[in-house]
Amino acid sequence: MTLVKEAPVRPAGKRPAAPAAARRGRRRENLAGYLFMSPWIAGFLLLTAGPMIASLYYAFTSYNLFTPPQWVGLDNFTTMFQDPRWQKSVEVTLKYVVVATPLKLLLALGVALLLAQKRRGQGLYRAAFYMPSLIGASVSVGFVWRALFSDDAIVDRTQKVFGLDVGGWIGNPDYVIYALVALSIWQFGAPMVIFLAGLKQVPQELYEAAEVDGAGPLRRFWNITLPMISPVLFFNVLLESIHAFQVFGSAYVVSDTRCGPADATLVYTCYLYQKGFKEAQMGFASAMAWTLVIAVALVTAVLFWSQKKWVHYEEAAK
Amino acid sequence: MQQGGNVERRTILKAAGASLAVAGLGATATACGGGSGSGDGTVTLRYAWWGGEPRTIAIKKTIALFEKKFPKIKIKPEFTDYEAFWEKFQTQASGGNPPDVFQNAVGFLRKYDKRGVLLDLKTQADAGNLSLENFRNGVLANGQVDGKQIAVPVGANTMALVIDLKAFEKAGVEATFGWTWDEYFDALQTIQDKLRIAGDTGYFSIMYLYDLYLRQNGKAFFTDTDLGFTEDDLTQWWEDGYKRVRSGLVADPKKVEQVKPKSALSAGLAASEFTWDNFSIRYEGEGESDYGLAPIPTTDGKATGQYLGSLMLSAFSGTEHPKEVAQFIDFMVHDPEVGEIMGYDRGILATTEQYDAFKPTDDNNKGVAAYEEEVAEAGVLGKITPHPSGADVIEAAFLRIGGEVAQGKTKPADAARALFSEARAAFAG
Chain A
0 MTLVKEAPVR
10 PAGKRPAAPA
20 AARRGRRREN
30 LAGYLFMSPW
40 IAGFLLLTAG
50 PMIASLYYAF
60 TSYNLFTPPQ
70 WVGLDNFTTM
80 FQDPRWQKSV
90 EVTLKYVVVA
100 TPLKLLLALG
110 VALLLAQKRR
120 GQGLYRAAFY
130 MPSLIGASVS
140 VGFVWRALFS
150 DDAIVDRTQK
160 VFGLDVGGWI
170 GNPDYVIYAL
180 VALSIWQFGA
190 PMVIFLAGLK
200 QVPQELYEAA
210 EVDGAGPLRR
220 FWNITLPMIS
230 PVLFFNVLLE
240 SIHAFQVFGS
250 AYVVSDTRCG
260 PADATLVYTC
270 YLYQKGFKEA
280 QMGFASAMAW
290 TLVIAVALVT
300 AVLFWSQKKW
310 VHYEEAAK
Chain B
0 MQQGGNVERR
10 TILKAAGASL
20 AVAGLGATAT
30 ACGGGSGSGD
40 GTVTLRYAWW
50 GGEPRTIAIK
60 KTIALFEKKF
70 PKIKIKPEFT
80 DYEAFWEKFQ
90 TQASGGNPPD
100 VFQNAVGFLR
110 KYDKRGVLLD
120 LKTQADAGNL
130 SLENFRNGVL
140 ANGQVDGKQI
150 AVPVGANTMA
160 LVIDLKAFEK
170 AGVEATFGWT
180 WDEYFDALQT
190 IQDKLRIAGD
200 TGYFSIMYLY
210 DLYLRQNGKA
220 FFTDTDLGFT
230 EDDLTQWWED
240 GYKRVRSGLV
250 ADPKKVEQVK
260 PKSALSAGLA
270 ASEFTWDNFS
280 IRYEGEGESD
290 YGLAPIPTTD
300 GKATGQYLGS
310 LMLSAFSGTE
320 HPKEVAQFID
330 FMVHDPEVGE
340 IMGYDRGILA
350 TTEQYDAFKP
360 TDDNNKGVAA
370 YEEEVAEAGV
380 LGKITPHPSG
390 ADVIEAAFLR
400 IGGEVAQGKT
410 KPADAARALF
420 SEARAAFAG
């Protein structure tokens, strides 16, 4: 993942015309390539593209899985926008995305800055900080989280020491979302590794020059590190927001499969799941899915548009 | 990918063709695996149920017994918990691949009958593969819809009040037959005053309890096609409930939420809980106190509104082996040994053969038997409330929205409106 673009190195002069034999060879190579790709292509067509097209159609139908879908036009969308639970799920999801993503990236960047320094055992530290990302999505961690944030469990007791007694987060509709946020932040390993790679690519001479000019650590971070890793930052913001919009597993497990209490962890995908698989309103669920796709696409577009203002590519600086 | 566009396209087509062929082979292979007949005349049936571990252990024993007596029929068990069961079932059934035989409950009959999933077992009974005789207390009717026998009861159960015996004793309160709601809530108040624990775990979110309350007042939760009460009725019910949460008579919903999947009763958060009587067995295992069954409070000092519900066995209408399925169900509901193994886990055994064969020895099963005897003697049992298609979704919505009321997140009047709106969608589904 080289995000800092470099000018491609290519030998000067025009390319020699390929002789017939070489062309045949390339054909054979292509054939082999596609053959090797065919399981993936089949999987993509049958398991991704096909179902997606089907769900686009279902989004405009009333479909309970048993009787054939009936065309209802935009009904699913109009019902959806007026549905208080759908509105609630949007609110919960936005809250999650807006709180969890920046905090996670902040922590990832902070730890990456520490780990970028040369010291003994840094490989060990990196592995240790990355570990939660490997297991964070598992169901068992969801259970552990439930236990950690329950009444009279470790988080609650620690809070009580500071005089903040809320009686556990899991059963409290005002707090439970932050247990999910904490779980997300805890899995900062993946963006951290990407930040680390970005930090390694910042040319040392820039720092040396800045130091000679008398720039302090804060100034060096603000004027050198941040602009230099902005492509990496952009990439992380993009990826993590998209991920956050699709959160499901942690909400489902931490809330004991109900996405409650009082719909406080009813993230978008959880409501989609309930509509589709519990209530068998597949048309409505498909409409929800496509609305999410469009929403995420819009957010992505806005991010891409905004990068002109704050993302610094080396090439552009020339 | 610069040149030879033609070649490229052909190559893609070939490659895609090859992989489709591979995928096709895979599909064929699975189809064979799923098939249930084999050359030597042995038939395999898939049997699915939901429930806890004790039920699974017992059912597996009964399966072994069946396979010994019917060596030509093999049973493939599938089991999970209640919610996962119905999610999975719905998906399987919509794909035309549900289990041949499965556990069923009253709330799902019309829904899956409407979708054509359930086999009418009457034809199999007429063919002599299944006996519909000897069912106790008319529970066979629980499995009938529009003249069809789409399910056969394995047990009978009724709503009950499960109480923490030690707490009731310590507080010096007694649950007596025919007590009124006022007397019940007074008792809870005494418990709260003396023991500093809540009296109840959250009665007002339980659809089946509200049904009893409505029946005591000449209504019912459902009519044949609709809800049997008004928004105002429900608003009142939830307003009273929320008042009792705030006064501490009903356990703090935040705490109840956190002990899940354990019950708030066995977790010691409250002294009583309304549930099905055959569930009482689970509390002994979960909690530290002793638990017993107590009468449902009444409005007029007599009528509890209770009726016998049932867990049942149903068969898939598209099964390849209707005869064997019928034989299996017949064995499971009539064989005395099966009755002895199952006990009252799925309610009081439904047929006289099994009821007579099982003599409860432990306190739990004895308690369930004594309770149903007492209820039967009191003569309060009525005809079961109808369960229109969508009843299952409405039950879940009732629990969820009631929970929002308990948490103080939704006003009772708004909550009642939400339930009515979700019910309309569920009936239409």
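Top to bottom, those sequences are chains A and B.
Residues 0 to 317, numbered by numbering that gives the first Met the number 0, are exactly what the first sequence covers, in order.
Residues 0 to 428, numbered by numbering that gives the first Met the number 0, are exactly what the second sequence covers, in order.
Quick reminder that beta carbons are idealized off the backbone N, C-alpha and C, glycines included.
Beta-carbon neighbours of residue i, restricted to chain B and to distances below 8 Å
| i | result |
| --- | --- |
| phenylalanine 276(A) | Glu86, Gln89 and Thr90 |
| proline 83(A) | Ala417 |
Within chain A, partners of residue i - CB distance below 7 Å
| i | result |
| --- | --- |
| proline 260(B) | Asp255 |
| lysine 408(B) | Pro172 and Ala261 |
| arginine 114(B) | Phe65 |
| glutamate 82(B) | Thr256 |
Cutoff 6 Å; reference residue i; Cβ partners in own chain excluding five residues on either side
| i | result |
| --- | --- |
| threonine 303(B) | Ile295, Thr297 and Val379 |
| glycine 282(A) | Tyr57, Thr60, Ser61, Tyr62 and Asn75 |
| lysine 274(A) | Gln280, Phe283 and Ala284 |
| alanine 22(B) | Any reading at alanine 22(B) is ruled out, since the residue's pLDDT is 43, under 50, leaving its predicted position unreliable. |
| leucine 46(A) | none |
| alanine 107(A) | Phe187, Pro190, Met191 and Phe194 |
| serine 305(A) | none |
| phenylalanine 442(B) | For chain B, the structure presents residues 0 to 428; residue 442(B) sits outside this window and is missing. |
Residues near residue i in its chain [Cβ-Cβ closer than 7 Å; skip 5 each side]
| i | result |
| --- | --- |
| glutamate 238(B) | Pro411 |
| aspartate 413(B) | none |
| valine 96(A) | Ser240, Ala243 and Phe244 |
| arginine 145(A) | Ile169 and Val253 |
Per DSSP, the bridge partner or partners of residue i
| i | result |
| --- | --- |
| leucine 226(B) | Phe221(B) |
| aspartate 344(B) | Gly346(B) |
| alanine 209(A) | Its beta-bridge partners do not exist; DSSP assigns none. |
| proline 76(B) | Tyr46(B) |
| threonine 268(A) | Threonine 268(A) is not bridged to any residue. |
| lysine 147(B) | Val144(B) |
Alpha-carbon to alpha-carbon, residue j and residue i
| i | j | result |
| --- | --- | --- |
| glycine 106(B) | valine 392(B) | 9 Å |
| aspartate 39(B) | lysine 71(B) | 9 Å |
| alanine 196(A) | aspartate 212(A) | 27 Å |
| alanine 11(A) | alanine 20(A) | Summary for alanine 11(A): the model assigns pLDDT 49, below 50, so the residue's position carries little reliability, and this model does not support an answer. |
| leucine 114(A) | glycine 122(A) | 9 Å |
| glutamate 376(B) | isoleucine 280(B) | 23 Å |
| alanine 356(B) | aspartate 210(B) | 33 Å |
| serine 265(B) | threonine 100(A) | 39 Å |
| threonine 341(B) | lysine 259(B) | With the sequence shown as reference, residue 341(B) is identified as methionine, and threonine is not the correct amino acid for it. Approximately 26 Å between the Cα atoms of the pair. |
| tryptophan 180(B) | glycine 240(B) | 12 Å |
| proline 132(A) | arginine 125(A) | A quick correction: the sequence has serine, not proline, at residue 132(A). For serine 132(A) and arginine 125(A), the distance between alpha carbons rounds to 12 Å. |
| isoleucine 56(B) | isoleucine 40(A) | 45 Å |
| glutamate 230(B) | threonine 409(B) | 15 Å |
| aspartate 289(B) | asparagine 364(B) | 14 Å |
| valine 91(A) | aspartate 262(A) | 9 Å |
| methionine 0(A) | arginine 218(A) | In this prediction, methionine 0(A) scores a pLDDT of 41, lower than 50, which makes its location untrustworthy; the coordinate-derived value is nonetheless stated afterwards. If I take the Cα positions, the gap works out to 28 Å. |
Partners in chain A for residue i, counting only beta-carbon separations shorter than 8 Å
| i | result |
| --- | --- |
| lysine 254(B) | Asp150, Gly166, Gly167 and Gly170 |
| valine 392(B) | Lys277 and Glu278 |
| glycine 428(B) | Asn63, Glu278, Ala279 and Gln280 |
| serine 246(B) | In chain order: nothing, as chain A lies at least about 18 Å away. |
Residue closest to residue i, alpha-carbon to alpha-carbon, out of the options
| i | options | result |
| --- | --- | --- |
| leucine 259(A) | Tyr212(B), Ala405(B), Thr43(B) and Ala166(B) | What sits at residue 259(A) in the sequence shown is glycine, not leucine. The candidate whose alpha carbon is nearest that of glycine 259(A) is Ala405(B). |
| alanine 269(B) | Gln305(B), Gly95(B), Lys242(B) and Ile190(B) | Ile190(B) |
| aspartate 299(B) | Gly217(B), Lys87(B) and Leu398(B) | Gly217(B) |
| phenylalanine 234(A) | Tyr267(A), Leu205(A), Ala189(A) and Thr268(A) | Ala189(A) |
| arginine 195(B) | Ser288(B), Ala250(B), Lys68(B) and Gly338(B) | Ala250(B) |
| glycine 322(A) | Leu73(A), Leu198(A), Ser249(A) and Pro230(A) | Examination of residue 322(A) is not possible in this model, given that chain A is present from 0 through 317 alone. |
| threonine 274(B) | Arg109(B), Tyr306(B), Gly51(B) and Val161(B) | Val161(B) |
| alanine 155(B) | Leu348(B), Ala377(B) and Phe101(B) | Leu348(B) |
| leucine 187(B) | Arg243(B), Asn133(B) and Asp231(B) | Arg243(B) |
| alanine 159(B) | Pro387(B), Leu64(B) and Ile205(B) | Ile205(B) |
| serine 309(B) | Thr157(B), Arg45(B) and Asp80(B) | Thr157(B) |
| glycine 51(B) | Glu173(B), Asp145(B), Phe278(B) and Lys358(B) | Phe278(B) |
| phenylalanine 176(B) | Tyr81(B), Ile328(B), Val374(B) and Val42(B) | Val374(B) |
| histidine 311(A) | Leu225(A), Leu237(A) and Pro67(A) | Leu225(A) |
| glutamine 305(B) | Ser246(B), Gly381(B) and Tyr183(B) | Gly381(B) |
Spatial neighbours of residue i in its chain, beta-carbon cut-off 8 Å, leaving aside the 5 residues before and after
| i | result |
| --- | --- |
| leucine 153(A) | Strictly speaking, residue 153(A) in this sequence is isoleucine, with leucine absent from that position. Excluding residues within five positions, the ones whose Cβ falls inside 8 Å are Leu147. |
| arginine 8(B) | Since pLDDT at arginine 8(B) reaches only 47, below the 50 mark, its modelled position is unreliable, and the value read off the structure follows with that caveat. Closer than 8 Å at the Cβ level, and outside the excluded window around arginine 8(B), lies no residue. |
Chain-ordered neighbours of residue i on chain A, where CB pairs are closer than 9 Å
| i | result |
| --- | --- |
| glutamine 102(B) | Residues of chain A passing the Cβ test: none, with the nearest at roughly 18 Å. |
| arginine 399(B) | Arg257, Gly259, Ala261 and Asp262 |
| glutamate 403(B) | Pro172, Gly259, Pro260, Ala261 and Asp262 |
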